[in-house]
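Read top to bottom, the protein sequences are chains Y and D. Take 1 as the starting number for the first sequence in the working numbering and just add one per residue. Take 1 as the starting number for the second sequence in the working numbering and just add one per residue. Cβ coordinates follow ideal geometry from the N, Cα and C atoms, glycine included. For reference, the structure discussed in these notes is given below.
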Amino acid sequence: MAIITVDHLRKTYGARVAVEDVSFSVEQGEVFGIVGRNGAGKTTTVECVAGLRTPTSGTITVDADLKEQVGVQLQECSLPDKIRVGEALALYASFYSRPADWRALAEEAGLDLRKPFGKLSGGQRQRLSVALALVGNPRVAILDELTTGLDPQARRETWDLVARIKERGVTVLLVTHFMEEVERLCDRVAVISRGRVRAVDTPAGLIARAGGEQRLIFHTDEPVDALRSLPEVASVTVAGRGGAGTADGRGTADGRGVKVTVTGTGDLLSAVAAVLPPSRTRNLRMERTTLDDAFLVLTGTEES
Amino acid sequence: MTKAFGKLTAVEARLFLREPVAVFFAIVLPVGLLLGLGTTIPGFREADPSLGGQRLVDAPFTAMMVLLSIVTLGLSVLPASLVLYRERGVLRRMSTTPVRPGALLSAQLLINVVVSVVATVLTLTLGHLVLDVPLPGSPWAFAGVFALGSVAMLSIGLLLAAVAPTSRIVQGVGSALMFPLLFLAGMWLPRPLMPELLRRISDFTPTGAFGQGLMDALGGQAPQPLHLAVLAGWALAAGIGAARLFRWE
């Protein structure tokens, strides 16, 4: 059942179009990612969902009370330097009619209640921000770029916190530009570029959609021209002989053979092996499309 | 919601008390100046015919110290903290919760009013005990002028917070306004000693009207209608301007 539905959202500021046309729906209990480069329209989209901005056109339906049941962690939002962690959590807890146990939240986030906000590290600030988003016991948590600017250790600790949010059954709408974060946390992702949704899929689905391209790389002395006619093969590149050439079966002086890169889709390995037995190749390895590759394919080579 | 407002006010009050600069300028400085100058400079305690036979430390200087506290709060403390809250997204963050950011503004105003009352009560009480400054001759008139003047100064503070783009700018503008306004109130040259033209100008400034109103009420006289009207005008104009121009983000 969809808890958030965004239908043909459009948001403009004067002549500038921040969001062109965005539609997606988020199922209850899932971690839904919104990925895109800086300026793609991610933050504007979630700020419209959170009720902070009014869409120029299009509709947004959230099956929860926006103020009571949607917890928000915003980019570039901080607290007064002298407020202590415990004070901030207790204060925000008092805003809600059915707050969570803020002491338990602080403990889970590994925060010292006595520490003033001004003395927290970047990771601690982000974890406090996540804890504040959860303190009202929300059904939906919106988290915007929560690991940007954190070191790898702090990033991992923040991820663990988000993974535990999901275990509570809270639906998470997560804005990010880190593919590793998407792979670790998201059930499904919307890829946004220049204000439009390019794809909505699981991380694995996105890779497949991006062509799911595979690369076989090996050295051989055998002729490889026959591979080009295989339906699974997209391209064959031969290197190692002063640039591009063809492996003509004459071998190389050092006996290592030439380096051949074959790209393609489907069951590429079996198709190639049927023509060129692996026993006549050396150093055979296979590379697959990563989510990073998929992202680049889906968003094109736009200027960011 | 009242529970949230109480909690918000309590936290904001604690944050205020953790700012030594705000506490110093709003409370310690006016009380300290009155006692310090009043006890060390003999001229402050001598009846002065040019002040109608009062001592300088009586109504004229005591009124200035009461005014100093409120002017500091209105021109500096209140707008600086509100602009900082906007700059840091505190108001915006709060607008995503069931509590409206207006509650934070109300809590801030309440704290500023309480602080100015505390500073005023301290100034009057310690001035009376240490320097034998008479208590307000017209207590109700004093309370009325104090309330109207506080509303005018805090409204000006809200207007500053509404139009200033950054906390750095609001602090600069606040202190740039503070000195001429304190001068026109009679901080360095008591109003009775001002040349006629300067005193006419001062009559129409918020601090000039406020200072004279406080002096009159402290001395047991009724405040002049002109000064009450000037204060009400400033309160209304600044308040409406602030309400129209205030931005939460």
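(request) Could you please give me the residues that DSSP links to residue 203(D) through a beta bridge? (result) In DSSP, residue 203(D) forms no bridge with anything.
(request) Compare the C-alpha of residue 86(D) against each of 156(D), 44(D), 51(D) and 167(D) and name the closest. (result) In this structure, 167(D) is the residue among 156(D), 44(D), 51(D) and 167(D) with its C-alpha nearest to the C-alpha of residue 86(D).
(request) Under 9 Å between beta-carbons, which chain D residues line up against residue 72(Y)? List them in chain order, please. (result) By Cβ distance, chain D contributes 93, 96 and 97.
(message) Does residue 11(Y) come out as helix, strand or coil in the three-state DSSP assignment?
(response) strand
(message) Quick check: the Cα distance between residue 242(D) and residue 4(Y), rounded to an integer number of angstroms?
(response) 37 Å
(request) Check whether the Cβ atoms of residue 27(Y) and residue 2(Y) lie closer than 9 Å to each other. (result) yes
(request) Could you pull out every residue in the same chain whose Cβ sits closer than 6 Å to the Cβ of residue 242(Y), ignoring the five residues on either side in sequence? (result) No answer about residue 242(Y) holds up, because its pLDDT of 45 lies below 50 and its placement is not dependable.
(request) Indicate whether residue 18(Y) and residue 36(Y) have their beta-carbon atoms separated by less than 9 Å. (result) no
(message) Counting only beta-carbon separations shorter than 9 Å, does residue 11(Y) have a partner in chain D?
(response) no
(message) Quick check on the burial criterion: 16 or more other C-beta atoms within 10 angstroms. Buried or exposed for residue 38(Y)?
(response) exposed
(request) Please name the residue, chosen from 10(Y), 96(Y), 15(Y) and 29(Y), that lies closest to residue 54(Y) on a Cα-to-Cα basis. (result) Measuring from the Cα of residue 54(Y), the nearest candidate turns out to be 10(Y).
(request) Rounded to whole angstroms, what's the CA-CA distance from residue 144(D) to residue 138(D)? Just pull it up for me. (result) Straight-line measurement puts the Cα of residue 138(D) at about 10 Å from the Cα of residue 144(D).
(message) Please confirm whether residue 90(D) has its beta-carbon closer than 9 Å to some beta-carbon of chain Y.
(response) At a cut-off of 9 Å between beta-carbon atoms, residue 90(D) makes contact with chain Y.
(message) Taking 9 Å as the threshold (C-beta atoms), are residue 154(D) and residue 121(D) in contact?
(response) no
(request) Tell me whether residue 202(Y) is buried or exposed, calling it buried when 16 or more other Cβ atoms sit within 10 Å of its Cβ. (result) exposed
(request) Run through the segment 147-199 of chain Y for me and flag every whole beta strand (DSSP E) of 3 or more residues, listed as ranges in chain order. (result) 171-176 and 188-193
(request) Could you check what DSSP says for residue 103(Y) in three-state terms: helix, strand or coil? (result) Three-state DSSP puts residue 103(Y) in a helix.
(request) Determine the closest residue to residue 299(Y) out of 134(Y), 163(Y), 191(Y) and 115(Y), with distance taken between C-alpha atoms. (result) 191(Y)
(request) With distances taken Cα to Cα, identify the nearest neighbour of residue 23(Y) among 13(Y), 44(Y), 33(Y) and 60(Y). (result) Nearest option by C-alpha distance: 60(Y).
(request) Determine the DSSP secondary structure at residue 220(D), reduced to helix, strand or coil. (result) coil
(request) Using the Cα positions of residue 281(Y) and residue 226(Y), report the straight-line distance between them to the nearest angstrom. (result) 15 Å
(request) Look at the Cβ atom of residue 86(Y), then the Cβ atom of residue 109(Y), and state whether they are nearer than 9 Å. (result) Between residue 86(Y) and residue 109(Y), the C-beta gap is not smaller than 9 Å, which leaves the two residues out of contact.
(request) Taking 8 Å as the threshold, find out whether the segment 114-133 of chain Y comes into contact with the segment 36-44 of chain D through three or more Cβ pairs. (result) no
(request) Could you check what DSSP says for residue 116(D) in three-state terms: helix, strand or coil? (result) helix
(request) Under 7 Å between beta-carbons, which chain Y residues line up against residue 4(D)? List them in chain order, please. (result) 94 and 95
(request) Determine the extent of the beta strand (DSSP E) in which residue 285(Y) is found, giving its start and end residues. (result) 281-288
(message) With DSSP as the reference, identify every bridge partner of residue 106(D), one or two as the case may be.
(response) DSSP output for residue 106(D) lists no bridge partner at all.
(request) Spell out the partners DSSP gives residue 238(Y) in its beta bridges. (result) BP columns for residue 238(Y) point to 260(Y).
(message) Give me the residue from 297(Y), 264(Y) and 276(Y) with the minimum Cα distance to residue 287(Y).
(response) 264(Y)
(message) For chain D, check one thing: does any of its Cβ atoms lie closer than 9 Å to the Cβ of residue 18(Y)?
(response) Taking Cβ atoms only, chain D never reaches closer than 9 Å to residue 18(Y), which makes this a no.
(message) Taking CB distances under 9 Å as the criterion, tell me whether residue 191(D) reaches chain Y.
(response) no
(request) Look up residue 299(Y) in the DSSP assignment and say whether it is helix, strand or coil. (result) In this structure, DSSP gives residue 299(Y) a helical state, which the three-state scheme calls helix.
(request) Identify, in the order they occur along the chain, each residue of the same chain with its Cβ nearer than 8 Å to the Cβ of residue 284(Y), setting aside the five sequence neighbours on each side. (result) The residues 216, 217, 218 and 278, in chain order, have a CB closer than 8 Å to that of residue 284(Y) in the same chain once the five nearest residues on each side in sequence are set aside.
(request) Pick helix, strand or coil for residue 142(Y), following the three-state DSSP scheme. (result) strand
(message) Closer than 8 Å between beta carbons: that is the criterion. Which residues of the segment 10-25 of chain D meet it against chain Y?
(response) 11, 14, 15, 18 and 19
(message) What would DSSP say about residue 27(Y), mapped onto helix, strand or coil?
(response) strand
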